[in-house]
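In terms of my numbering, the sequence shown opens at residue 28 and continues consecutively. Heads up, the thing below is written out as structure tokens.
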Amino acid sequence: LDADGTRVFALTAERGETEFEPGVPSETWGYDDDHLGPTLVAERGERVRVDVQNDLDEATTLHWHGMQLPAAVDGGPHQPIEPGASRHPEWTIDQPAATLWYHPHPHEETEQQVERGLAGLFLLHDPAERALGLPSAYGVDDVPLIVQDVSFDDDGRRTGRATSFAGALGDETIVNGTRSPYFEATTELVRLRLLNASTARILGFELADGRPMQQIASDGGLLAAPVETAHVRLSPGERAEVVVRLTPGERVVLRSRMTSAELGGDDVLAGLNGGRDVFDVLELRAAADLTASAPVPAALADLPDLPGPDEVAIERRFDLHGFDINDRSMDPDRIDLVAERGRTERWIVHNTSKLPHSFHVHDAQFRIESIGGAPPPPELAGWKDTVYAVPETEIALLVRFDGPGDPEHPYMYHCHLLMHEDAGMMGQFLVV
Ligand code: C2O
Ligand code: CU
Ligand code: CU
């Protein structure tokens with residue numbers, strides 16, 4: 028904390044090296060580290076500032092994914108940090124407890140910077156969440172999992188990945204930058220904060236023995252109540268928090284298993300885009316003696332009712348096709364829409380293609396009104412900032428921007444498959 032109570036973080040983007048196998052270094056990038064970045068933690072109501080220094084030899088930016096904050100500090104493509112330069116974004120946290128993250132967002136260069144390892148988590152807490160008694164000892168029973176798909180050569184050196192329509196796909200996943208990871212659990216309940224930080228791969232998390240988990244949160248915070256589920260699909264950029272129950276001494280594998288039906292579209296295309304892949308993600312190793320955990324409460328968060336039809340001020344359509352949105356490619360000099368603050372808008376996102384896409388909106392946590400005409404399943408009924416855009420499906424979002432408004436600095440909406448984003452599958456909006 029500095030003298031006026033602002034919580035100050037410092038992040039320096041730099042090149043580094045990681046030995047995924049002992050003695051075999053691969054080039055990786057990170058923040059204050061050789062790979063990835065530290066987990067930032069703040070409380071609702073706190074003023075925060077991040078001193079971001081760029082020690083790379085190319086320009087970067089730093090975006091706060093899921094954060095509701097002024098457009099001038101959003102860290103999008105209009106806020107580059109040149110090599111050797113720094114920026115000092117500052118804002119007040121004003122949203123519920125959640126698992127957010129940060130990553131670069133430079134114009135047409137986001138995929139390669141994130142792929143090299145520029146990413147980290149930003150956890151928010153609030154008093155209501157703390158009062159629930161959920162597992163919350165960081166690294167003990169509250170465990171962040173940054174999951175990325177990568178490829179290695181036979182010696183264990185990172186290599187390029189095969190390209191699909193979705194983008195580059197790796198042959199295996201790493202967790203928090205570690206190959207073949209395991210976690211030694213010492214408590215009956217373990218809360219896993221899952222982030223799909225892959226650039227293109229859609230992951231489907233499950234325990235290999237099929238036992239259910241309790242999903243307690245989605246992108247923007249806690250669900251109304253825990254949802255018992257055996258399988259959690261996350262497209263790039265999405266997060267979920269799940270609580271897993273362990274028995275003493277056991278080992279169970281958290282894996283990712285996708286099916287072409289779940290990826291959607293067309294069986295052959297889904298297969299080409301990772302829709303049939305299975306990976307071991309993390310082995311959970313339970314100690315012989317596990318500390319008892321308090322049960323997960325039956326009610327988690329007060330979610331407001333969805334706004335009714337007469338509360339929707341305007342409806343907009345976003346057709347996803349090719350690498351375009353509404354047949355247009357990103358133009359940094361064009362504002363695609365202007366939203367009025369404090370008004371509920373319905374955004375109809377229609378993936379009209381057979382290929383996977385996703386849809387992410389800056390500065391907002393939205394609610395899903397419908398997917399393919401049906402209400403969302405309970406795990407998608409909470410706060411979201413990124414949604415998997417199932418091929419040939421229409422998704423209705425209810426979006427509202429409550430921040431200060433700024434007629435000059437735009438926010439972005441885009442596909443979070445980063446090759447698509449870099450190829451122009453992005454638009455810009457002002458909130459006024
Ligand atoms: Cu996760 Cu516009 O970004
Ligand atoms: Cu974002
Ligand atoms: Cu896309």
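Idealized CB from N, CA, C, for every residue including glycine. Computed from a prediction, not measured in an experiment: that's the story for all the values here.
Environment of residue i [buried if 16+ CB atoms lie within 10 Å]
i: Leu-28; result: exposed
i: Ser-207; result: exposed
i: Val-459; result: exposed
i: Glu-142; result: buried
i: His-115; result: exposed
i: Ala-325; result: exposed
i: Asp-449; result: buried
i: Asp-390; result: buried
i: Ile-341; result: exposed
i: Pro-336; result: exposed
i: Ile-362; result: exposed
i: Pro-466; result: The structure shown does not extend to residue 466, since the chain is modelled only from 28 through 459, so no value can be given for it.
i: Pro-331; result: exposed
i: Glu-44; result: exposed
i: Val-202; result: buried
i: Asp-246; result: buried
i: Gly-231; result: buried
i: Pro-469; result: Any property of residue 469 remains undetermined from this structure, which presents the chain solely from 28 to 459.
Bounding residues of the alpha helix (DSSP H) (the contiguous stretch that carries residue i)
i: Ser-245; result: Here Ser-245 belongs to no alpha helix (DSSP H); instead the beta strand (DSSP E) covers 240-245.
i: Pro-154; result: 154-157
i: Leu-445; result: 445-449
i: Val-323; result: That residue, Val-323, is in no alpha helix (DSSP H); it is neither H nor E in DSSP.
i: Pro-206; result: For the sequence presented, residue 206 should be read as Arg rather than Pro. Unbroken run through Arg-206: none, as it is neither H nor E.
i: Arg-143; result: 137-143
C-alpha distance - residue i paired with residue j, whole-angstrom precision
i: Leu-67; j: Glu-138; result: 22 Å
i: Asp-354; j: Leu-347; result: 8 Å
i: Val-388; j: Asp-316; result: 44 Å
i: Ala-40; j: Asp-168; result: 29 Å
i: Lys-411; j: Asn-378; result: 18 Å
i: Ile-422; j: Leu-38; result: 36 Å
i: Ser-262; j: Gln-140; result: 18 Å
i: Ser-356; j: Gly-103; result: 16 Å
i: Arg-42; j: Glu-85; result: 11 Å
i: Ser-205; j: Leu-221; result: Strictly speaking, residue 205 in this sequence is Thr, with Ser absent from that position. Their backbone Cα atoms lie some 15 Å apart in a straight line.
i: Phe-179; j: His-92; result: 28 Å
i: Pro-162; j: Pro-434; result: 42 Å
i: Asp-61; j: Tyr-415; result: 31 Å
i: Gly-187; j: Glu-54; result: 12 Å
i: Leu-364; j: Tyr-440; result: 10 Å
i: Ala-464; j: Gly-409; result: Residue 464 lies beyond the residue range present for the chain, which begins at 28 and ends at 459; the question has no answer from this structure.
i: Asp-329; j: Gly-248; result: 11 Å
Contact with chain C by residue i, beta-carbon distance below 8 Å
i: Arg-312; result: No chain C appears in the structure shown, which is made up of a single protein chain.
Residue i: first and last residue of the uninterrupted beta strand (DSSP E) it sits in
i: Val-259; result: 259-261
i: Glu-233; result: 230-234
i: Val-35; result: 34-48
i: Ile-362; result: Counting along the chain, Ile-362 falls outside any beta strand (DSSP E), and DSSP gives it neither H nor E.
i: Ser-385; result: 384-388
i: Asn-378; result: 371-378
i: Phe-456; result: 453-458
i: Phe-350; result: No beta strand (DSSP E) contains Phe-350, which DSSP labels as neither H nor E.
i: Glu-255; result: 248-256
i: Leu-216; result: 216-223
Is the segment 218-228 touching the segment 272-279, taking contact as three or more C-beta pairs under 8 Å? no
Contact between the segment 294-303 and the segment 179-198 (3+ Cβ pairs under 8 Å): yes
4-residue-minimum alpha helix (DSSP H) runs that sit fully inside the segment 392-444, ordered along the chain: none
Curious, which full-length beta strand (DSSP E) runs of at least 3 residues does the segment 263-337 contain? 266-272, 278-284 and 305-318
Please give the ranges of any beta strand (DSSP E) in the segment 55-134, keeping only runs that are unbroken, at least 3 residues long and fully inside the region. Taken in chain order, the whole beta strand (DSSP E) runs of length 3 or more contained in the segment 55-134 are 67-70, 74-81, 90-92, 117-119 and 125-130.
Starting from the N-terminal side, write out each stretch of the alpha helix (DSSP H) that is 4 residues or longer and does not extend beyond the segment 147-201. Segments of the alpha helix (DSSP H) lying fully in the segment 147-201: 154-157.
Cβ contact (3+ pairs, closer than 8 Å) linking the segment 363-370 and the segment 425-436: yes
Can at least three beta-carbon pairs, one atom from the segment 287-298 and one from the segment 104-124, be found at a separation below 8 Å? no
Given 8 Å, three or more beta-carbon pairs between the segment 67-80 and the segment 402-419: no
Taking contact to mean 3 or more Cβ pairs, one atom from each stretch, closer than 8 Å, check whether the segment 148-160 and the segment 276-287 are in contact. no
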